[in-house]
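*Asks:* Residue numbers (the numbering used here), protein chains in the order written: chain A, 1 to 331; chain B, 1001 to 1391.
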């Protein structure tokens, strides 16, 4: 019996030791890889043609983010916060003409024109106790934006604390029907059901056209933001699985002159949606959603490259971005 | 009263259910293993298929990066990125991922063989292979050292055809020690069978016939080979004999390979190797506990590390390229440049030194290139790297 206990103890000790070594190794590898990725991403900025080192960095990032050992580790938090700090600094850079589009976590975007800066589906990611983007950074980002538009109620697109932060600074939040009703006069869930409507922001020189999309049965605002004289962007939220919507999506290009389409990278019938919007440029969102998602649904950057490559016959350029990056678009 | 079927009937039922389950699940799994169409990559509920496909895309990308950013003394961020990406995939529990790695390794060997016949007019070209394996080429000769196939005997990384191509081009195989990470029976037999010289520890494969040179333990030996002089120094891996090879390529340069050297007592004489030989390139295993002492003892012009990512080892002992980078950075005070290479890559030493140009970087002595050959100028006299006075 003593021998058995001793043997089991040795086995357990060895297993613990090996696991600890593996864990230590992987932390070191992740730290080194994230640092190299960040350096490459800064050297090779988003563009319609992806240089080889940038593609490599994005693939390396995919690999890290599809290894659950790296979830919630210090190297990951350090990486994403560093990217957000770079974004924060860059947000102060003036836009003289056209639009500057920033990509954030999940489907979050910030679009900046010479006269306005708006955020769409801005969320911190992670858990409430340990968000990917810290409260202080989110607060600073909100401070640099003029309005927030929310596509739908899901937590990976809508965050009440961020909405409140906008409202507290006197900034409007346009939300889908039924979301955050009565929370704050400046947080404005739309009341119209399955109807298109416009919201004017005269002081920002822009018009928000809200198209009544759905994710299944859930209201999903497709936000078409027209920055007068500078360009029009459309963010599709989690548009998914609604055949009726596709009928009118097919004709969006007849009504709006879309410059930049920002679809969810795993959007249902992407080719048809792109044709419907007829954009001049595509910037996908929602890659590498971590948190509760298992690795098979953390859509990788290399998958987006693969998908967009297969749609090259549409002759619409695309720009693949990761967190904290920006791309300047001019008509 | 409830009636229970007899045991054989229950077993039969369970068997039928099991077969039905396998018949149902297998096709579904197989279907998920690949995307349903090229435009519609979907791996939902199939993480393993996702990871397999990721590896299938990643390895060729890494290969393209390595070709675009070849080995260098000061590797830029692009090359460092490629190497750490490779580390990432090789530190996956299943690094092969449905032979994605096998294809990558074969591609790396194909690159090497494509370039290996290019004329070499000066200096030394060093090819890195699996583990501590190298091929060293000068205009006069080509030798292989510690060449092993890696992988399993029934599925080696280095294919038999690649081995044949390598053997055809090499004059000799040198094996530093008996460890299978350095010595492979099949490869040694192929060399001997082709009439090529094999230099190996005396107790290894005593039935191997041919042009064989056996190295005695604890004895220093010098062997004359075509185009080179091979000095074998009596090192150890623990208590096992390990030949440290100093290969003097008759004026082209001197390359030292430390095999599996790991013995504290040997450091006493290793400390003074630089007083006997003027080493141009030191090939040393990255995980050597005495790496600093070895570099200090050899005082080479350049270090090329080896034995990274030995995939037969457990995850935590697969020495990665990024750890080598950190290690070498920590030894920066030694002022010895280093080159980190991966499988199938080549690094040229001495080719860039123009004729009669003097390089004063070595302090008390000067290195001189003449007619593509390196000489040492010391106190006004010219010597070969082996110390033979030529004027």
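A virtual CB, placed ideally from N, CA and C, is assigned to each residue, including glycine.
1. Is any beta-carbon of chain B found at less than 8 Å from that of residue 307 of chain A?
2. On the DSSP letters alone, give me the boundaries of the alpha helix (DSSP H) that residue 1077 of chain B sits inside.
3. Does the Cβ-Cβ distance between residue 166 of chain A and residue 179 of chain A come in under 8 Å?
4. Going along chain B in order, which residues have a C-beta closer than 8 Å to the C-beta of residue 246 of chain A?
5. Closer than 8 Å by C-beta to residue 284 of chain A: which residues in its own chain qualify, once you throw out the five before and the five after it? Chain order, please.
6. With residue 1126 of chain B as the anchor, note down where its beta strand (DSSP E) starts and where it stops.
7. How many angstroms separate the CA atom of residue 97 of chain A from the CA atom of residue 230 of chain A?
8. Between residue 1176 of chain B and the rest of its own chain, which residues show a CB-CB distance below 6 Å, the 5 nearest in sequence each way excluded?
9. Quick check on the burial criterion: 16 or more other C-beta atoms within 10 angstroms. Buried or exposed for residue 315 of chain A?
10. Less than 8 Å between the beta carbons of residue 116 of chain A and residue 204 of chain A, yes or no?
11. Between residue 99 of chain A and residue 329 of chain A, how many whole angstroms is the CB-CB distance? I'm expecting something under 8 Å.
12. Give the residues from the stretch 282-301 of chain A that approach chain B closer than 7 Å (Cβ to any Cβ), ordered along the chain.
13. In terms of residue numbering, what span does the alpha helix (DSSP H) encompassing residue 1239 of chain B cover?
14. State the beta-bridge partners of residue 112 of chain A as determined by DSSP.
15. Quick one, are the C-beta atoms of residue 191 of chain A and residue 177 of chain A less than 8 Å apart?
16. Just checking: is the beta-carbon of residue 1029 of chain B within a distance shorter than 8 Å of some beta-carbon in chain A?
17. Name, please, each residue of chain B whose Cβ falls closer than 7 Å to the Cβ of residue 62 of chain A.
18. Which residue spans inside the stretch 1098-1155 of chain B form an unbroken alpha helix (DSSP H) run of at least 4?
19. Can you look up residue 1274 of chain B in the DSSP assignment and give me helix, strand or coil?
20. Output needed in chain order: residues of the stretch 41-59 of chain A with a Cβ under 8 Å from some Cβ in chain B.
21. Closer than 8 Å, CB to CB, is residue 1078 of chain B near chain A or not?
22. Check whether chain A comes within 8 Å of residue 1065 of chain B, counting only Cβ atoms and requiring the distance to be less than that.
23. Out of A:290, A:184 and A:173, which one is the CA nearest neighbour of residue 145 of chain A?
24. Using only CA atoms, which one of A:206, A:224 and A:207 lies nearest to residue 213 of chain A?
25. From this set, B:1325, B:1347 and B:1337, which residue's C-alpha is nearest residue 1077 of chain B's C-alpha?
26. Residue 1315 of chain B lies in the alpha helix (DSSP H); which residues open and close that run?
27. Determine, for residue 1111 of chain B, whether the minimum Cβ-Cβ distance to residues of chain A falls below 8 Å.
28. For residue 1320 of chain B, name the three-state secondary structure that DSSP assigns.
29. Is it buried or exposed, residue 1286 of chain B, if we count other Cβ atoms within 10 angstroms and call 16 or more buried?
30. Please tell me whether residue 1249 of chain B has its Cβ less than 8 Å away from any Cβ of chain A.
31. Which value, in whole angstroms, describes the spacing of the CA atoms of residue 1337 of chain B and residue 324 of chain A?
32. Just checking: is the beta-carbon of residue 33 of chain A within a distance shorter than 8 Å of some beta-carbon in chain B?
33. Under 7 Å from any heavy atom of the ligand ZN, does the C-beta of residue 1222 of chain B make it?
34. Any Cβ of chain B within less than 8 Å of the Cβ of residue 303 of chain A?
35. Could you give the uninterrupted runs of the beta strand (DSSP E) lying entirely in the stretch 1163-1197 of chain B, keeping only those of 3 residues or more?
36. When the Cα of residue 1256 of chain B is compared with those of B:1272, B:1230, B:1072 and B:1188, which residue comes out closest?
*Replies:* Looking at the coordinates:
1. Here residue 307 of chain A refers to the residue found at position 307 of the first chain. Yes, contact with chain B.
2. What you label residue 1077 of chain B is simply residue 77 of the second chain in a count that begins at 1. Per DSSP, residue 1077 of chain B belongs to the alpha helix (DSSP H) from 1077-1090.
3. As a first step, residue 166 of chain A must be located in the first chain, where it is residue number 166. As a first step, residue 179 of chain A must be located in the first chain, where it is residue number 179. Not closer than 8 Å, so no.
4. Taking the first chain and counting its residues from 1, one reaches residue 246 of chain A at position 246. Residues of chain B whose Cβ lies closer than 8 Å to the Cβ of residue 246 of chain A do not exist; the shortest such Cβ separation is about 16 Å.
5. As a working mapping, residue 284 of chain A is identified with position 284 in the first chain. These residues qualify, in order along the chain: 262, 263, 264, 265, 304, 308, 318 and 320.
6. Walking along the second chain from the start, residue 1126 of chain B turns up at place 126. Counting along the chain, residue 1126 of chain B sits inside the beta strand (DSSP E) bounded by residues 1124-1128.
7. Looking up residue 97 of chain A in the first chain gives position 97. Looking up residue 230 of chain A in the first chain gives position 230. When only Cα atoms are considered, residue 97 of chain A and residue 230 of chain A end up about 7 Å apart.
8. Working through the second chain from its first residue, we reach residue 1176 of chain B at position 176. Contacts found: 1146, 1182, 1242, 1243 and 1259.
9. By one-based count along the first chain, residue 315 of chain A stands at place 315. Under the 10 Å beta carbon count, residue 315 of chain A is surrounded by fewer than 16 other beta carbons and is classified as exposed.
10. Translated into the one-based positions of the first chain, residue 116 of chain A becomes position 116. Translated into the one-based positions of the first chain, residue 204 of chain A becomes position 204. Yes, Cβ-Cβ distance for residue 116 of chain A and residue 204 of chain A is below 8 Å.
11. Reading the first chain from its first residue, position 99 is the one you call residue 99 of chain A. Reading the first chain from its first residue, position 329 is the one you call residue 329 of chain A. Between residue 329 of chain A and residue 99 of chain A the Cβ distance is about 5 Å, and since that is below 8 Å, they are a contact.
12. Under the 7 Å Cβ criterion, the stretch 282-301 of chain A contributes 294, 295, 296, 297 and 300.
13. Numbered from its first residue, the second chain carries residue 1239 of chain B at position 239. No alpha helix (DSSP H) holds residue 1239 of chain B; DSSP gives it neither H nor E.
14. Counting from 1 along the first chain, the entry for residue 112 of chain A is found at position 112. Partner(s): A:100 and A:117.
15. The count along the first chain starts at 1 and reaches residue 191 of chain A at position 191. The count along the first chain starts at 1 and reaches residue 177 of chain A at position 177. In contact: residue 191 of chain A and residue 177 of chain A (Cβ atoms closer than 8 Å).
16. If you number the second chain from 1, residue 1029 of chain B lands on position 29. For residue 1029 of chain B, the predicted model reports a pLDDT of 41, less than 50, meaning its position is unreliable; a value from the coordinates is still stated below. Answer no: the Cβ-Cβ gap between residue 1029 of chain B and chain A never drops below 8 Å.
17. Within the first chain, the letter at position 62 stands for residue 62 of chain A. Per Cβ cutoff of 7 Å: 1054.
18. As far as the stretch 1098-1155 of chain B is concerned, its whole alpha helix (DSSP H) runs of at least 4 residues are 1100-1115.
19. Along the second chain, read from residue 1 onward, the residue named residue 1274 of chain B stands at position 274. In the structure shown, the three-state DSSP call for residue 1274 of chain B is helix.
20. Flagged, chain order: 43, 52, 53, 55, 56, 57 and 59.
21. Within the second chain, residue 1078 of chain B is the residue found at index 78, counting from 1. At a cut-off of 8 Å between beta-carbon atoms, residue 1078 of chain B makes contact with chain A.
22. As a working mapping, residue 1065 of chain B is identified with position 65 in the second chain. Using a CB distance cut-off of 8 Å, residue 1065 of chain B counts as an interface residue toward chain A.
23. As a first step, residue 145 of chain A must be located in the first chain, where it is residue number 145. The alpha carbon of residue 145 of chain A has as its nearest neighbour, out of A:290, A:184 and A:173, the alpha carbon of A:173.
24. By one-based count along the first chain, residue 213 of chain A stands at place 213. Comparing Cα-Cα distances from residue 213 of chain A to each of A:206, A:224 and A:207, the minimum goes to A:224.
25. Along the second chain, one-based indexing puts residue 1077 of chain B at 77. Out of B:1325, B:1347 and B:1337, B:1325 has the C-alpha closest to the C-alpha of residue 1077 of chain B.
26. Numbered from its first residue, the second chain carries residue 1315 of chain B at position 315. Boundaries cannot be given for residue 1315 of chain B, as no alpha helix (DSSP H) includes it and DSSP labels it neither H nor E.
27. Taking the first residue of the second chain as position 1, residue 1111 of chain B is located at position 111. No, because no Cβ of chain A sits closer than 8 Å to the Cβ of residue 1111 of chain B.
28. Within the second chain, residue 1320 of chain B is the residue found at index 320, counting from 1. If DSSP states are grouped into helix, strand and coil, residue 1320 of chain B belongs with coil.
29. Start at 1 with the first residue of the second chain, and residue 1286 of chain B comes out as number 286. It counts as buried.
30. In the second chain, counting from the first residue as 1, residue 1249 of chain B sits at position 249. For residue 1249 of chain B, no Cβ of chain A is located within less than 8 Å of the residue's own Cβ.
31. Along the second chain, read from residue 1 onward, the residue named residue 1337 of chain B stands at position 337. Along the first chain, read from residue 1 onward, the residue named residue 324 of chain A stands at position 324. Cα-Cα distance, rounded: 36 Å.
32. Indexing the first chain from 1 puts residue 33 of chain A at position 33. At a cut-off of 8 Å, the C-beta of residue 33 of chain A has a neighbouring C-beta in chain B.
33. Here there are no bound small molecules, and the ligand ZN is not part of this structure.
34. For the purposes of this step, residue 303 of chain A is taken as the residue at position 303 of the first chain. Chain B contact via Cβ: present.
35. Runs of the beta strand (DSSP E) inside the stretch 1163-1197 of chain B: 1172-1174.
36. Taking the second chain and counting its residues from 1, the one referred to as residue 1256 of chain B is at position 256. Selected option, being the one with the closest Cα: B:1230.
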